[in-house]
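>
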Amino acid sequence: MPRFEYAPAPESRAVVDIASSYGLFIDGEFVESASGGSLKTINPATEESLADVAVADEADVDRAVRAARRAQEKVWGPMPGAERAKYLFRIARLLAERSREFAVLEVLDNGKPIREARDVDVPTAAAHFFYYAGWADKLDHAGFGPSPRPHGVAGQVIPWNFPLLMLAWKIAPALATGNTVVLKPAETTPLTALLFADLLRQAELPPGVVNIVTGAGATGAAVVAHPGVDKVAFTGSTAVGKRIAKEIAGTRKHATLELGGKAANIVFDDAPIDQAVEGIVNGIFFNQGQVCCAGSRLLVQESVAAEVVERLKVRLGTLRVGDPMDKNTDVGAINSAAQLARITDLTKAGEEEGAVRWTADCALPEQGFWFAPTVFTDVSAAHRIAREEIFGPVLSVLTFRTPAEAVAKANNTPYGLSAGIWTEKGSRILSMADKLRAGVVWANTFNRFDPTSPFGGYKESGYGREGGRHGLASYLIEGSTR
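The C-terminal residue of the sequence shown carries number 507 in our numbering, and the numbering is unbroken.
1. Excluding five sequence neighbours on each side, which residues of the same chain lie with their C-beta closer than 6 Å to the C-beta of alanine 158?
2. What whole-angstrom Cβ distance do alanine 358 and glycine 393 have, given they're in contact under 8 Å?
3. Verify whether the separation of the beta carbon atoms of glycine 441 and histidine 408 is less than 8 Å.
4. Got a sec? Which residues, its chain only, sit under 7 Å from valine 422 by beta carbon, not counting five neighbours each side?
5. Would the stretch 469-480 count as touching the stretch 225-244 if we require 3 or more Cβ pairs under 8 Å?
6. Excluding the five sequence neighbours on either side, which residues of its own chain have a C-beta within less than 6 Å of the C-beta of isoleucine 269, listed in chain order?
7. Can you tell me which of the three DSSP states arginine 507 falls into?
8. Can you tell me where the beta strand (DSSP E) holding valine 346 begins and where it ends?
9. Quick check on the DSSP output: the alpha helix (DSSP H) that includes tryptophan 194 runs from which residue to which?
10. Going by beta-carbon coordinates alone, are aspartate 355 and proline 138 separated by less than 8 Å?
11. Buried or exposed for glutamate 36, please, with buried defined as at least 16 other CB atoms from any protein chain shown within 10 angstroms of its CB.
12. Grab me the residues of glutamate 503's own chain with a C-beta within less than 8 Å of its C-beta, minus the 5 sequence neighbours each way, in chain order.
13. Roughly how many whole angstroms lie between the Cα atoms of glutamate 108 and serine 63?
14. Which residue's Cα is closest to the Cα of alanine 128: Pro349, Asn436, Ser328?
15. Where isoleucine 415 and serine 124 are concerned, what is the direct C-alpha to C-alpha distance, given to the nearest angstrom?
16. Under the DSSP definition of a beta bridge, which residues are partnered with lysine 65?
17. Could you tell me the alpha carbon to alpha carbon distance between leucine 225 and glycine 481, rounded to whole angstroms?
18. If distances are taken between C-alpha atoms only, which option among Gln364, Val306, Leu461 comes closest to threonine 213?
19. Below 8 Å, how does it come out for the stretch 262-276 and the stretch 189-199: are there three or more Cβ pairs, yes or no?
20. Using CA coordinates, which residue listed in Ala458, Glu332, Phe187, Glu229 is at the minimum distance from phenylalanine 311?
21. Report the CB separation of phenylalanine 155 from alanine 117 in whole angstroms; it is logged as a contact under 8 Å.
22. Could you tell me whether the stretch 94-101 touches the stretch 228-239, using the rule of 3 or more Cβ pairs below 8 Å?
23. Would you say the stretch 276-288 touches the stretch 490-501, given that touching needs at least three Cβ pairs under 8 Å?
24. Valine 292 to glutamine 313, Cα distance in whole Å?
25. Can you give me the start and stop residues for the alpha helix (DSSP H) that leucine 371 sits inside?
26. With burial defined as no fewer than 16 other Cβ atoms inside 10 Å of the residue's Cβ, what is the status of threonine 448: buried or exposed?
27. Report buried or exposed for aspartate 42, applying the criterion of at least 16 other Cβ atoms within 10 angstroms of its Cβ.
28. Where does the unbroken alpha helix (DSSP H) through leucine 216 begin, and where does it stop?
29. Work out the CA separation of arginine 462 and proline 210 for me, nearest whole Å.
30. Can you tell which of Val339, Glu378, Lys434, Phe425 has the C-alpha that lies nearest to the C-alpha of isoleucine 410?
31. What's the call for histidine 166, buried or exposed, on a 16-neighbour Cβ count within 10 Å?
32. Taking the alpha carbon of alanine 366 as the reference point, which residue from Ala222, Thr384, Leu389, Trp395 has its own alpha carbon closest?
33. Roughly how many angstroms lie between the CA atoms of serine 58 and histidine 153, to the nearest whole one?
34. Where DSSP assigns a beta bridge to asparagine 290, which residues make up the other side?
35. From alanine 397 to threonine 372, what distance separates their C-alpha atoms?
36. Exposed or buried, which one is phenylalanine 221 when buried takes at least 16 other CB atoms within 10 Å?
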């Protein structure tokens, strides 16, 4: 198969201005942290330092929560839904207008390819604000009783894999329902959240409605633990999610936890193989596999397993790994040295346990954090690579003979976030989807997201739903006729 070389097509980083340092965004203004502490955020593709970012401590979080409480009680909560909707529409339009700026900054801070940030992350983030703006004046008709009420102040902690998109998933429904927000972005990817704070000032959002406190794990813990926070929304690892659930147990706080996953992507012998291979690639190598719902376990019917794996290897040989700012790049950088070390350790364990490793033949840059697309065959359900969330561009291939065996293997995991089914039979899709213990099941596609559709998991993948009408429920106290 001929390999076509691509001329470099770099995106310009001149479209975004990165300050040398950033403060905390509290009560509509950027302010210094009480301790004066800071951390550096780096470009994972080059290890270049991008900026110094303030670290919020408990005193800073307290300031932010108090500002959010004032805004909720005096301005945002009493504001009619139609007026709140105007702000949300304005935020959505500004995101769309400044999409190139946000996309470039996301790439520099996160390491994902510009093509993904430009075509997926930023447009979908704007779409969430557009969607929930439409709900802001219709909450009486959303199915949560007459005159449902906001919780008050929402404390939100988001991960590093989709910084801007996760921000939109959290903030848009919270604001639409009359809540105010204290948001803590991930320590390795805070810059698009801080640029979003600048956008909020441009949108003239009332001070205190959204507050952004940066820092590491201690900052997030302070947000969750603050007694003035009424609602907690967290996306991240299962281990941290369990700690949060224990901490808020017995309190009045409500929570939404969107945690880890080990999704099964199931390919039957009647599936269109070429289409399925593209879905497999998108399922596990999109965003370098750093996706909670990644299709990291490929279950292939035995009769077509060899053909699927061979075609998959051919397709992976065409993926372009390298500079995330190049519009031709398919696989970018791993987000951090710590995450790269985890991926490396788990793949080493896979080899030691007897799985057969195949890695795409590609040149990796010398600077930065990189891992080539990797496939393991001869994998059993007992292997660590089939049980633990790797969160990287690593695929484990297992086989099955019957639909019942596929269901049993797919459900043999503590997680339950997502799954995929590839078959030409609609009846089989419906039957399988009914038996899979996963919050989201894709049919003949994978990793497709829409603001109108709810997303969330079962078991150790968390609880609660984000997106769609269901995403409003987490931020509302149901109304009553009594």
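Backbone N, C-alpha and C define an ideal beta-carbon position, used for all residues, glycine too.
Based on what the coordinates show:
1. Here residue 158 refers to the residue found at position 133 of the sequence shown. Answer for alanine 158: Ala110, Leu113, Phe114, listed in chain order.
2. For the purposes of this step, residue 358 is taken as the residue at position 333 of the sequence shown. For the purposes of this step, residue 393 is taken as the residue at position 368 of the sequence shown. The pair is a contact, with the Cβ atoms about 5 Å apart (cut-off 8 Å).
3. Position 416 of the sequence shown, counted from the first residue, corresponds to residue 441. Position 383 of the sequence shown, counted from the first residue, corresponds to residue 408. With a cutoff of 8 Å on beta-carbon distance, glycine 441 and histidine 408 are scored as not near each other.
4. By one-based count along the sequence shown, residue 422 stands at place 397. Taken in chain order, the residues that qualify are Leu323, Val325, Val334, Val400, Phe401, Thr402, Val404.
5. no
6. Residue mapping note: residue 269 aligns to position 244 of the sequence shown, counting from 1. Sequence-distant partners of isoleucine 269 (beyond 5 residues in either direction) whose C-beta falls short of 6 Å from its own C-beta, in its chain, are Val249, Phe259.
7. Here the question's residue 507 lines up with position 482 in the sequence shown. With a pLDDT of 41 at arginine 507, under the threshold of 50, the modelled position of this residue cannot be trusted, and the question is left open.
8. In the sequence shown, counting from the first residue as 1, residue 346 sits at position 321. Careful: valine 346 lies outside any beta strand (DSSP E) and carries neither H nor E.
9. Reading the sequence shown from its first residue, position 169 is the one you call residue 194. From DSSP, the alpha helix (DSSP H) with tryptophan 194 extends over 188-201.
10. In the sequence shown, the residue the question calls residue 355 occupies position 330. In the sequence shown, the residue the question calls residue 138 occupies position 113. Yes, the pair counts as a contact, with Cβ atoms nearer than the cut-off.
11. Locating residue 36 in the sequence shown gives position 11, counting from the first residue. Buried is the call here.
12. Along the sequence shown, one-based indexing puts residue 503 at 478. Result list for glutamate 503: Phe169, Gly170, Pro173, in chain order.
13. Taking the first residue of the sequence shown as 1, we reach residue 108 at position 83. Taking the first residue of the sequence shown as 1, we reach residue 63 at position 38. Cα to Cα, glutamate 108 sits roughly 37 Å from serine 63.
14. Within the sequence shown, residue 128 is the residue found at index 103, counting from 1. Comparing Cα-Cα distances from alanine 128 to each of Pro349, Asn436, Ser328, the minimum goes to Pro349.
15. Numbered from 1 along the sequence shown, position 390 holds the residue referred to as residue 415. Numbered from 1 along the sequence shown, position 99 holds the residue referred to as residue 124. Each residue's alpha carbon lies about 31 Å from the other.
16. In the sequence shown, the residue the question calls residue 65 occupies position 40. Asp77, per the DSSP bridge assignment.
17. Working through the sequence shown from its first residue, we reach residue 225 at position 200. Working through the sequence shown from its first residue, we reach residue 481 at position 456. Those two C-alpha atoms are separated by around 28 Å.
18. For the purposes of this step, residue 213 is taken as residue 188 along the sequence shown, with counting starting at 1. The residue with the shortest Cα to Cα distance from threonine 213 is Gln364.
19. no
20. Numbered from 1 along the sequence shown, position 286 holds the residue referred to as residue 311. Among Ala458, Glu332, Phe187, Glu229, the Cα nearest to that of phenylalanine 311 is on Phe187.
21. For the purposes of this step, residue 155 is taken as residue 130 along the sequence shown, with counting starting at 1. For the purposes of this step, residue 117 is taken as residue 92 along the sequence shown, with counting starting at 1. Contact between phenylalanine 155 and alanine 117 is confirmed by a C-beta separation of about 4 Å, below the 8 Å threshold.
22. By the criterion of at least three beta-carbon pairs nearer than 8 Å, the stretch 94-101 is in contact with the stretch 228-239.
23. yes
24. Locating residue 292 in the sequence shown gives position 267, where the first residue counts as 1. Locating residue 313 in the sequence shown gives position 288, where the first residue counts as 1. Cα to Cα, the separation comes out at about 21 Å.
25. Sequence index remark: in the sequence shown, residue 371 carries index 346 (1-based). Note, leucine 371: alpha helix (DSSP H), 362-377.
26. Counted from its first residue, the sequence shown places residue 448 at position 423. Burial call: buried.
27. Here residue 42 corresponds to residue number 17 of the sequence shown, with the count starting at 1. Result: exposed.
28. Residue numbering aside, residue 216 sits at position 191 when the sequence shown is read from its first letter. Segment 216-227, the alpha helix (DSSP H) holding leucine 216.
29. On the sequence shown, position 185 is the one that residue 210 refers to. On the sequence shown, position 437 is the one that residue 462 refers to. For proline 210 and arginine 462, the distance between alpha carbons rounds to 30 Å.
30. Working through the sequence shown from its first residue, we reach residue 410 at position 385. Answer by Cα proximity: Glu378.
31. As a position in the sequence shown, residue 166 is number 141, starting the count at 1. The C-beta of histidine 166 has fewer than 16 other C-beta atoms within 10 Å across all chains shown, which makes the residue exposed.
32. Residue mapping note: residue 366 aligns to position 341 of the sequence shown, counting from 1. The shortest Cα separation from alanine 366 among Ala222, Thr384, Leu389, Trp395 belongs to Trp395.
33. As a first step, residue 58 is located in the sequence shown; it is residue number 33 there, counting from the start. As a first step, residue 153 is located in the sequence shown; it is residue number 128 there, counting from the start. If you take the alpha carbons of serine 58 and histidine 153, they lie about 31 Å apart.
34. Position 265 of the sequence shown, counting from 1, holds the residue named residue 290. Per DSSP, Leu323, Gly445.
35. What you label residue 397 is simply residue 372 of the sequence shown in a count that begins at 1. What you label residue 372 is simply residue 347 of the sequence shown in a count that begins at 1. Rounded to whole angstroms, alanine 397 to threonine 372 spans 12 Å at the Cα level.
36. Within the sequence shown, numbered from 1, the residue matching residue 221 stands at position 196. Classification of phenylalanine 221: buried, given that the 10 Å Cβ count is 16 or more.
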